[in-house]
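Q: This is the structure, below, for whatever I ask next.
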Amino acid sequence: MAGMEFERLIDRPLQIGESPVWDEQRQCLWFVDILAPAILRYDWASRSLTDFAMPSAVGSIGLASQGELVVALRSGVHLFNPDTGALRFLVQPEPDRPMNRLNDGKVGPDGCFWIGSIHDASPRQPTAALYRVTPEGKSRLVLDGLKASNGLAWSPDGSILYHADTRGPYIASYAFDRATGALSERRLLRECDEASGLPDGAAVDAECCYWSAGVSAGCLNKLAPDGRLLDSIKLPVAAPTMPCFGGPDLRTVFITSLAKNAEPGRLISFRVETPGLLSPRFQVAA
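To convert, note that position 16 of the sequence shown is 17 in our numbering; the numbers rise steadily by one, no gaps.
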């Protein structure tokens with residue numbers, strides 16, 4: 002991928018830019034600044050940025066039906082209506098773990114919001130977990146004993162779930178049951194390190210390649226389904242946090258980053274040949 006051109010999309014500096022998700026209905030990119038705390042909307046046509054302040058740290062977001070977003074705040078999982086500004090509480094997945102905050106989350110092919118947590122201190126301790134939250138507001142513990150749950154993505158046919166622990170540090174895959182959300186057949190895809198890039202957020206393209214933000218190495222690592230490193234793309238940001246495929250043809254890769262070494266977090270993009278996948282929506286009741 003030599004010779005690719007990167008574009009800086011916004012001038013606003015980010016503290017911890019995260020969780021980009023393409024909204025094909027509104028033709029915009031949603032993402033968050035965890036510590037601002039805020040949800041942001043980047044409009045594709047006008048290149049304008051809209052800011053929605055949040056009441057507490059916002060770890061991640063996903064698309065929901067009825068034009069809403071499903072939002073992971075420090076206080077739990079909520080539904081947010083960007084047209085009215087209303088927040089509606091759904092569930093707090095881990096009320097007994099005040100040492101954690103909710104982190105990386107995505108809507109899965111089962112229509113549920115998969116949300117991980119992170120031990121909110123350094124050094125990270127294995128108090129974090131991964132949860133499955135239904136549109137009815139029911140939460141189920143899926144994986145436990147994690148330090149920083151991250152890297153959620155699914156294969157194009159929805160049969161494989163990818164997951165990372167940034168401070169594990171590793172990337173793993175599981176056979177995924179779309180009907181029940183059950184995981185099985187865990188497979189360690191890759192052990193990671195600081196030099197090659199600790200695995201932060203991720204996305205999967207239409208050819209089932211897994212694109213992992215190497216937050217410690219300023220790179221984007223493209224892995225084959227079996228975990229082989231196909232490419233490591235050096236990025237013009239110090240600490241990338243998550244890629245997302247979007248744009249009208251799903252061939253624009255958006256990347257958020259966090260502030261590091263006096264460099265602010267950014268939102269950048271570049272073009273690729275293989276498209277990504279549309280995000281499922283959290284199907285809430287009318």
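All C-beta atoms in this analysis are idealised placements derived from N, C-alpha and C, irrespective of residue type, glycine included. These numbers were taken from a predicted model, which means no experiment stands behind them.
Is N222 buried or exposed, if buried means 16 or more other CB atoms sit within 10 Å of its CB?
A: Within the sequence shown, the letter at position 221 stands for residue 222. Counting Cβ neighbours within 10 Å, N222 comes out buried, since at least 16 surround it.
Q: State the Cα-Cα distance for the pair R98 and A46, rounded to the nearest angstrom.
A: Translated into the one-based positions of the sequence shown, residue 98 becomes position 97. Translated into the one-based positions of the sequence shown, residue 46 becomes position 45. Approximately 42 angstroms between the Cα atoms of the pair.
Q: Any idea which residues DSSP pairs S66 with across the strands?
A: Here residue 66 is taken as the residue at index 65 of the sequence shown, counted from 1. Beta-bridge pairing links S66 to no other residue.
Q: How would you write the range of the beta strand (DSSP E) that W45 sits in, first residue to last?
A: Mapped onto the sequence shown, residue 45 falls at position 44. Counting along the chain, no beta strand (DSSP E) covers W45, and no H or E run does either.
Q: Based on DSSP bridge pairs, tell me the residues matched to I234.
A: The residue you call residue 234 lines up with position 233 of the sequence shown. I234 is bridged to L221.
Q: Is V216 helix, strand or coil when you go by DSSP?
A: Working through the sequence shown from its first residue, we reach residue 216 at position 215. Three-state result, V216: coil.
Q: Please name the residue, chosen from A263, R272 and R252, that lies closest to V238 on a Cα-to-Cα basis.
A: Residue numbering aside, residue 238 sits at position 237 when the sequence shown is read from its first letter. The shortest C-alpha separation from V238 is found at A263.
Q: Report back the beta-carbon spacing between F32 and P21 to the nearest angstrom; my notes put them in contact at under 8 angstroms.
A: On the sequence shown, residue 32 is found 31 positions in, with the first residue counted as 1. On the sequence shown, residue 21 is found 20 positions in, with the first residue counted as 1. Indeed they touch by this definition, with Cβ atoms about 4 angstroms apart.
Q: On the criterion of 16 or more Cβ atoms from any shown chain inside 10 Å, does P200 qualify as buried, or is it exposed?
A: Taking the sequence shown and counting its residues from 1, one reaches residue 200 at position 199. The residue in question, P200, is buried, as its Cβ has 16 or more Cβ neighbours within 10 Å.
Q: Under the three-state reduction of DSSP, which class applies to S156: helix, strand or coil?
A: Position 155 of the sequence shown holds residue 156. Looking at S156 - three-state DSSP - the assignment turns out to be coil, as it is neither helix nor strand.
Q: Specify the secondary structure class of R125 as computed by DSSP and reduced to three states.
A: The residue given as residue 125 occupies position 124 in the sequence shown. Three-state result, R125: coil.
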